[in-house]
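For reference, the structure discussed in these notes is given below.
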Amino acid sequence: MSADSCHDAQHTDVDKDDIPGRLDRIPWCGFHVTVIAALGVAWILDGLEFTLVGSLAALLERRATLHLSAPDIGVAASAYLVGAVVGSLAFGYLADRYGRKRLFTTTLLLYIGATAATGLSWGLASFALFRFLTGAGIGGEYSAINSAIQELIPARRRGRIDLLVNGSFWIGSAAASTLSLVILRSGVMAPALGWRVAFTLGALLGLLALRLRRLIPESPRWLAGRGRMQEADAIVTAIERRAGIDPPRQGGQSGRVRRAYPVRFFTAPRVIFGRYRKRAVLAATLMVAQLFFYNAFFFTYALVLVRFYHTRATDVGAYLLPFALSNFLGAALLGRFFDTIGRRPMITGTYALSGILMIIAAWLFRGALLGGSAQTGAWAAAFFFASAGASAAYLTVSESFPLEIRASAIALFFAFGTAVGGVVAPSLLGVLIASGSRHRVFWGYMLGAILMLFGALAEWRYGLATEGRSLESIAASLTDEPATGTGRNSGRRDTG
1060 MSADSCHDAQ HTDVDKDDIP GRLDRIPWCG FHVTVIAALG VAWILDGLEF
1110 TLVGSLAALL ERRATLHLSA PDIGVAASAY LVGAVVGSLA FGYLADRYGR
1160 KRLFTTTLLL YIGATAATGL SWGLASFALF RFLTGAGIGG EYSAINSAIQ
1210 ELIPARRRGR IDLLVNGSFW IGSAAASTLS LVILRSGVMA PALGWRVAFT
1260 LGALLGLLAL RLRRLIPESP RWLAGRGRMQ EADAIVTAIE RRAGIDPPRQ
1310 GGQSGRVRRA YPVRFFTAPR VIFGRYRKRA VLAATLMVAQ LFFYNAFFFT
1360 YALVLVRFYH TRATDVGAYL LPFALSNFLG AALLGRFFDT IGRRPMITGT
1410 YALSGILMII AAWLFRGALL GGSAQTGAWA AAFFFASAGA SAAYLTVSES
1460 FPLEIRASAI ALFFAFGTAV GGVVAPSLLG VLIASGSRHR VFWGYMLGAI
1510 LMLFGALAEW RYGLATEGRS LESIAASLTD EPATGTGRNS GRRDTG
């Protein structure tokens, strides 16, 4: 899509103070491309981190490096995920209270420092600590960035763009796989030094992202919700002019100040579990399923290749590249159907297909019926659909709850999903792999597949038709007056 394409402009009359309506009517233009580039880097970084440890896992077992065991690799992976839980909860709350822009800058700085320190690790304890801090930065990114994307992208394109940005995770994964091949196979540097350089390069990419972030304004929706209407109007006006449309000149209450809803640490769980119980069940199920599915597989995949297919550690990156390509294409190619066919059928379908295909792939693995390359193809087919479904889980959470607690809601469900599914998964699979039994590893994969099928059932039962709708029509702002029928005294019962 072209940065200069404005053919989908919606020239409707919008009140000057209707910040959400003005943002949704803006035609696609260069500003939106900048948002994708600047904020999507967060997922590229996460993909780099996520895959780098997996692709270098077998190397880190060597005595010349950190001499870690398979369970140690699982512990380090879990430390990263625990950090992501803590960072997501803390920074998610702060993003709702102090703004998206301030927090996605802070979390990126934490990531840069921690990932650079990872390259200086001297043993399991230091490696796990720095992985924890890196995870905290990335966890905070999930909350602040997903909120900003939802609030800046027009409703008619929100689904496909959300999936595309979240899918850019796999660009980072491909980069990590390629980087591991260069380090391990080219002979340019010794492996004992190469893994340290790999993490340092991740920090350098973070510095580039930091520069791009300066181009992204604060969310006008967040500013309006905090009563800072003039600032919100100025930002939206600048975007409208960049898109080549005239800002509204009238609005009977131009510049009015709205009273901000007081956001406290427990505001989000009180509202979510008090007013939106069905949405909470759906969000929790989708997040737990996809986080277990992914973390169980990718943090330990290198160990599976080495133990069961006798793959050399230097070749692991070549097997990870097909996964990165499959996952990115899944999110990029299927994304537009989430805006056309709809959220509910697409999320249900992608979760169900990924679960079914993983069951088939796990059965083939248990029977040792395929070689390493063919087995990789079977797994990649499952993750083509899983990628779109996993990205849609974040889309579901960020659309389903009010503006004032959006980042906190993303943090809450990411933290719950990671704690229940993500943290346990790599440690569990690490133990199963260390047993040397294909049958035991098979049941680990089967658990992930069954969880994805449960996610499909939950979406079919509780999913919402949010495609093309404004965020405010899906979940009214907490600042709305009760007289509107969508404010504090309304919505006591979640009707889905």
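Position 466 of the sequence shown, counted from 1, bears residue number 1525 in the numbering used here, the numbering being contiguous throughout.
We put the CB at the ideal spot given by N, CA and C, even for glycine.
Keep in mind that this is a model prediction, so the values were computed, not measured.
Coil, strand or helix - residue i by DSSP
i            : result
residue 1177 : helix
residue 1419 : helix
residue 1303 : coil
residue 1493 : helix
residue 1220 : helix
residue 1527 : coil
residue 1498 : helix
residue 1197 : helix
residue 1249 : coil
residue 1460 : coil
residue 1315 : Residue placement at residue 1315 cannot be trusted, given a pLDDT of 47 that sits under 50; what the coordinates show is reported in the next sentence. Looking at residue 1315 - three-state DSSP - the assignment turns out to be coil, as it is neither helix nor strand.
residue 1357 : helix
residue 1370 : coil
residue 1087 : coil
residue 1321 : coil
residue 1279 : helix
residue 1075 : coil
residue 1385 : helix
residue 1450 : helix
residue 1231 : helix
residue 1482 : coil
residue 1536 : coil
residue 1402 : helix
residue 1213 : coil
residue 1433 : helix
residue 1270 : helix
residue 1412 : helix
residue 1187 : helix
Exposed unless 16 or more other CB atoms sit within 10 angstroms - verdict on residue i
i            : result
residue 1316 : Its pLDDT being 43, under 50, residue 1316 is placed unreliably by the model, and nothing is read from it.
residue 1091 : buried
residue 1012 : Because the chain is modelled from 1060 through 1555, residue 1012 falls outside the range shown and cannot be assessed.
residue 1334 : buried
residue 1489 : buried
residue 1402 : buried
residue 1206 : buried
residue 1396 : buried
residue 1400 : exposed
residue 1312 : Caution is warranted here: a pLDDT of 46 is assigned to residue 1312, below 50, making its placement in the model unreliable, and no coordinate value can be reported.
residue 1380 : buried
residue 1163 : buried
residue 1532 : exposed
residue 1314 : In this prediction, residue 1314 has a pLDDT of 42, which is less than 50 and means its spatial position is unreliable; what the coordinates show is noted afterwards. Result: exposed.
residue 1071 : Residue confidence is low: residue 1071 scores 49 on pLDDT, short of 50, so the model does not pin down where it sits. No coordinate-derived value is stated.
residue 1274 : exposed
residue 1502 : exposed
residue 1239 : buried
residue 1394 : buried
residue 1184 : exposed
residue 1202 : buried
residue 1494 : exposed
residue 1385 : buried
Contact the region 1193-1207 vs the region 1099-1113: 3+ CB pairs below 8 Å: Yes, the region 1193-1207 touches the region 1099-1113.
Within the region 1103-1163, ranges of the alpha helix (DSSP H) (whole runs, at least 4 residues): Within the region 1103-1163, the complete alpha helix (DSSP H) segments of 4 residues or longer fall at 1116-1119, 1129-1157, listed in chain order.
Meets three-Cβ-pair contact criterion under 8 Å: the region 1415-1422 and the region 1469-1478: These segments do not touch.
At least 3 beta-carbon pairs within less than 8 Å: the region 1261-1281 vs the region 1162-1180: Output reads yes: the region 1162-1180 touches the region 1261-1281.
contact_flag[the region 1125-1132, the region 1447-1467] where n(CB pairs < 8 Å) is 3 or more: The answer is no - the region 1447-1467 does not touch the region 1125-1132, with fewer than three Cβ pairs under 8 Å.
Segment contact, 8 Å Cβ cut-off, at least three pairs: the region 1514-1525 with the region 1341-1351: With a cut-off of 8 Å, the region 1341-1351 and the region 1514-1525 count as touching, because enough Cβ pairs lie within range.
The region 1300-1310 / the region 1072-1088 touching (three or more Cβ pairs under 8 Å): Short answer: they touch.
Touching by the beta-carbon criterion (3+ pairs, under 8 Å), the region 1149-1159 and the region 1224-1237: No: the two stretches stay apart, fewer than three of their Cβ pairs being nearer than 8 Å.
Cβ pair count under 8 Å reaching 3, the region 1423-1431 against the region 1360-1372: In short, these stretches touch, since the Cβ pair count reaches three.
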